[in-house]
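Asks:
Number of protein chains: 2
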Amino acid sequence: MEQINNIKVVPCTSSNYLRPFRVHYNQVSRYSLIARYHLVSVLIFNTTSHCFILVKQFRPAVYMSEWERSKPKPLQPAEEESLEAAPAEPKVPEEDKAGETSKVTSSHQPPASAGVTYELCAGLVDKPNLSLEEIARQEVLEECGYDVPVAKLRKITSYRSGVGVTGSKQTMFYAEVSEENRVGEGGGKPQEGELIEVVKVPLHEAMTFAFDESIPKTMGVIFSFIWFHSNMSPKYKISTNV
Amino acid sequence: MEQINNIKVVPCTSSNYLRPFRVHYNQVSRYSLIARYHLVSVLIFNTTSHCFILVKQFRPAVYMSEWERSKPKPLQPAEEESLEAAPAEPKVPEEDKAGETSKVTSSHQPPASAGVTYELCAGLVDKPNLSLEEIARQEVLEECGYDVPVAKLRKITSYRSGVGVTGSKQTMFYAEVSEENRVGEGGGKPQEGELIEVVKVPLHEAMTFAFDESIPKTMGVIFSFIWFHSNMSPKYKISTNV
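Quick mapping for you: the protein sequence lines, in order, are chains A and B.
Under UniProt numbering, the letters of the first sequence match residues 1 to 242, in that order.
Under UniProt numbering, the letters of the second sequence match residues 1 to 242, in that order.
1. Quick check on DSSP: helix, strand or coil for S113/B?
2. Could you check whether V150/B and R160/B sit closer than 7 Å to each other, using their CB atoms as the reference points?
3. Please name the residue in V42/A, R69/A, S214/A whose C-alpha comes closest to that of I53/A.
4. Is it true that the region 47-62 of chain B meets the region 152-172 of chain A, where meeting means three or more beta-carbon pairs spaced less than 8 Å apart?
5. Express the C-alpha separation of N181/A and E100/A in angstroms, rounding to a whole number.
6. Please list, in chain order, the residues of the region 144-163 of chain A that have any C-beta partner in chain B closer than 8 Å.
7. Pick helix, strand or coil for E194/A, following the three-state DSSP scheme.
8. Tell whether a beta-carbon distance below 7 Å holds between C121/A and V140/A.
9. In chain order, what residues of the same chain have a beta carbon less than 6 Å from the beta carbon of T218/B, not counting five sequence neighbours either side?
10. Run the CB neighbour count on E213/A, radius 10 Å, all protein chains shown included, and call it buried at 16 or more, exposed below.
11. Out of I215/A, E143/A, S113/A, point me to the one whose CA is closest to V183/A's CA.
12. Assuming H50/A contacts L203/A under a Cβ cut-off of 8 Å, what Cβ separation, rounded to an integer in Å, is found between them?
13. Mind reading off the beta-carbon distance from V198/B to G145/B? Whole number of angstroms is fine, and I expect it under 8 Å.
14. Using 7 Å as the limit for Cβ to Cβ distance, is T166/B near chain A?
15. Tell me, to the nearest whole angstrom, how far the beta carbon of E176/B is from that of T47/B; I am working on the premise that it is less than 8 Å.
16. Check whether chain B comes within 7 Å of F228/A, counting only Cβ atoms and requiring the distance to be less than that.
17. Are the C-beta atoms of E213/A and some chain B residue less than 7 Å apart?
18. Indicate whether at least one CB of chain B lies closer than 7 Å to the CB of K189/A.
19. Do you know offhand how far G188/A's Cα is from V55/B's?
20. Between Y37/A and the rest of its own chain, which residues show a CB-CB distance below 6 Å, the 5 nearest in sequence each way excluded?
21. Using a C-beta to C-beta distance shorter than 8 Å, which residues of chain A count as neighbours of S218/B?
22. Using a beta-carbon distance below 7 Å, is T117/B in contact with chain A?
23. With H, G and I counted as helix, E and B as strand and the rest as coil, what does DSSP make of R160/B?
24. Which of helix, strand or coil does DSSP assign to S168/B?
25. Give the interface partners of I53/B over in chain A, defined as CB-CB distance under 7 Å, in chain order.
26. Would you say S131/B faces chain A, with C-beta separation under 7 Å as the test?
27. Could you please give the first and the last residue of the uninterrupted alpha helix (DSSP H) stretch that includes V183/A?
28. With a threshold of 7 Å between beta carbons, is S70/A in contact with chain B?
29. Return the CA-CA distance between E185/B and E179/B, expressed in angstroms with no decimal places.
30. How long is the line joining the alpha carbons of E95/A and P110/A, rounded to whole angstroms?
31. Whole angstroms are fine: how far does the CA of I215/B sit from the CA of L132/A?
32. Could you spell out where the beta strand (DSSP E) holding L54/B opens and where it closes?
33. Got a sec: is the Cβ-Cβ distance from S178/A to anything in chain B below 7 Å?
34. Let me know the secondary structure DSSP gives K127/B once reduced to three states.
35. Buried or exposed for L130/A, going by 16 or more other Cβ atoms inside 10 Å?
36. Does the beta carbon of S224/B come closer than 7 Å to any beta carbon on chain A?
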């Protein structure tokens with residue numbers, strides 16, 4: 001997770017995951033947005049250890065947002081050439097020497113940890129032949145290593161995320177797992193660029209974790225912890241320090 | 001709100017609000033993302049009418065997401081020419097006749113209401129000389145018509161939104177207002193393309209509203225209502241139908 005380096009920024013007009021659009025309507029209005037897949041996310045509670053299972057991952061978008069905030073002028077990708085950043089590490093490996101002559105100096109570049117966030121296990125709805133529950137089940141297995149029967153997934157609710165940019169519909173599930181469901185280490189698919197660390201948050205620390213702003217996290221984590229508090233007690237006890 | 005028509009889709013490589021990037025790191029990984037401003041949002045509670053004040057607006061990103069979902073093939077902006085959509089209304093005004101010959105037939109195009117979502121009052125952090133509280137205050141005034149002293153804004157928490165795409169930091173506030181703070185109609189800035197309707201949700205209906213999936217809304221609405229329930233009772237009573 002801390003070995004993110006050799007960061008280059010280049011313009012992007014399209015990718016498999018994002019397609020930038022501009023929409024014009026009512027003659028005068030125009031709006032820039034991104035087409036993106038819908039999403040599923042899963043609040044996982046381990047009933048053996050009484051811990052929530054989250055994922056921690058390096059998010060390039062968060063990292064770039066932090067990097068940009070630390071610079072006086074917004075980062076603009078060059079049209080003809082990429083901006084090349086020096087590695088964040090003080091010791092520059094031989095093969096990275098080219099980075100030292102780049103336009104963006106390493107003093108501007110935050111450490112990789114600036115892009116790491118805590119999130120619910122989640123994934124894109126990119127398999128039309130699978131139900132939302134089946135996609136959620138696959139994500140729990142791939143990212144967190146638990147094999148949960150589809151029937152044990154309970155829908156919490158659905159909502160719109162990124163209404164200003166992607167407009168994706170996100171469906172959130174709740175899954176109770178036990179150590180018996182654990183069949184692997186999780187970690188995502190490294191071959192697809194996923195670098196995921198599985199993290200346990202003990203139930204009695206959950207609300208403090210949720211509202212600790214020094215821990216970068218998504219709204220999904222905060223909401224689902226408070227949802228658990230409202231819905232799963234008195235089945236489970238949880239600190240009410242909100 | 002229902003008069004959104006003449007929708008055209010064109011490619012977008014950059015705008016004042018979104019800048020598509022591709023980030024390469026660790027030689028093998030690459031990631032597409034969008035640079036975007038940070039955000040503030042405000043849960044507004046009117047202590048005179050015991051209602052939450054939300055905004056309802058047409059979101060092109062949500063609309064396009066719905067439109068795309070209703071089509072067998074993903075919507076791709078043409079490189080040389082825009083896709084032009086026929087207006088959704090059965091009666092086509094004279095000046096819109098060109099739309100009838102477009103590639104996208106009106107049978108595919110959902111009504112404008114498919115893009116309307118309920119949200120917290122919110123705005124971009126795009127004024128470097130103003131504090132988050134001052135920007136939040138301006139948004140409450142512009143969008144909802146209430147003049148709230150900065151000192152009355154209470155921070156709920158902050159979190160990352162759109163971690164896969166924008167990585168924006170979002171800070172959420174709570175503001176209690178009364179009818180005495182009401183100085184205008186709100187509605188946003190129509191000259192900047194904002195078409196905002198101010199909506200009241202009575203306190204006793206809030207939790208039913210939050211979890212009614214037929215009402216399109218953001219996670220911010222659901223979370224802030226459940227936060228209010230956990231934190232503002234017993235000061236105010238709220239239905240616990242979650």
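For every residue, glycine included, the Cβ atom is placed at its ideal position computed from N, Cα and C.
Replies: A quick look at the data gives this:
1. Looking at S113/B - three-state DSSP - the assignment turns out to be helix.
2. No, the pair does not count as a contact, with Cβ atoms beyond the cut-off.
3. Nearest C-alpha to I53/A: V42/A.
4. Cβ pair count under 8 Å is three or more, so yes.
5. Here E100/A scores only 35 on pLDDT, less than 50, and its place in the model should not be relied on; the value that follows carries that caveat. Note on geometry: alpha-carbon atoms of E100/A and N181/A lie some 48 Å from one another.
6. Cβ contacts with chain B come from T157, S158, Y159, R160, S161, G162, V163.
7. DSSP places E194/A in coil when its eight states are reduced to three.
8. Yes; because the gap between Cβ atoms is below 7 Å, this pair is in contact.
9. Cβ neighbours of T218/B beyond the five flanking positions: E119.
10. That one is exposed.
11. Minimum Cα distance to V183/A is reached at E143/A.
12. Correct: roughly 5 Å between the Cβ atoms.
13. Right, the Cβ-Cβ distance comes to about 7 Å (below 8 Å), so this counts as a contact.
14. Look at T166/B: its C-beta is under 7 Å from a C-beta on chain A.
15. Yes, E176/B and T47/B are in contact; Cβ-Cβ is about 5 Å, under 8 Å.
16. It does not; no Cβ of chain B falls within 7 Å.
17. Using beta-carbon distances, E213/A counts as an interface residue toward chain B, with a partner under 7 Å.
18. In terms of beta-carbon proximity, K189/A stays away from the interface with chain B, with every pair separated by 7 Å or more.
19. Each residue's CA atom was taken as its position, placing G188/A and V55/B some 38 Å apart.
20. L124, V125, D126, listed in sequence order.
21. The amino acid at residue 218/B is misidentified as Ser; the sequence shows Thr. The answer, in chain order, is Y159, R160, S161, V163.
22. Judged by the 7 Å Cβ criterion, T117/B is in contact with chain A.
23. Three-state DSSP puts R160/B in a strand.
24. If DSSP states are grouped into helix, strand and coil, S168/B belongs with the strands.
25. By Cβ distance, chain A contributes nothing, its closest Cβ being about 18 Å from I53/B, past 7 Å.
26. Using a CB distance cut-off of 7 Å, S131/B does not count as an interface residue toward chain A.
27. Counting along the chain, V183/A sits inside no alpha helix (DSSP H), nor does DSSP assign it H or E at all.
28. No, S70/A does not count as interfacial toward chain B.
29. Note on geometry: alpha-carbon atoms of E185/B and E179/B lie some 12 Å from one another.
30. Note that E95/A scores a pLDDT of 37, beneath 50, so its modelled location is shaky; the value from the coordinates is reported in the next line. Whole-angstrom Cα-Cα distance: 21 Å.
31. L132/A and I215/B have their C-alpha atoms roughly 20 Å apart.
32. Residues 51-58.
33. Judged by the 7 Å Cβ criterion, S178/A is not in contact with chain B.
34. Coil, per DSSP.
35. Exposed, by the Cβ-count rule.
36. For S224/B, the answer is no, since every Cβ of chain A falls outside 7 Å of its Cβ.
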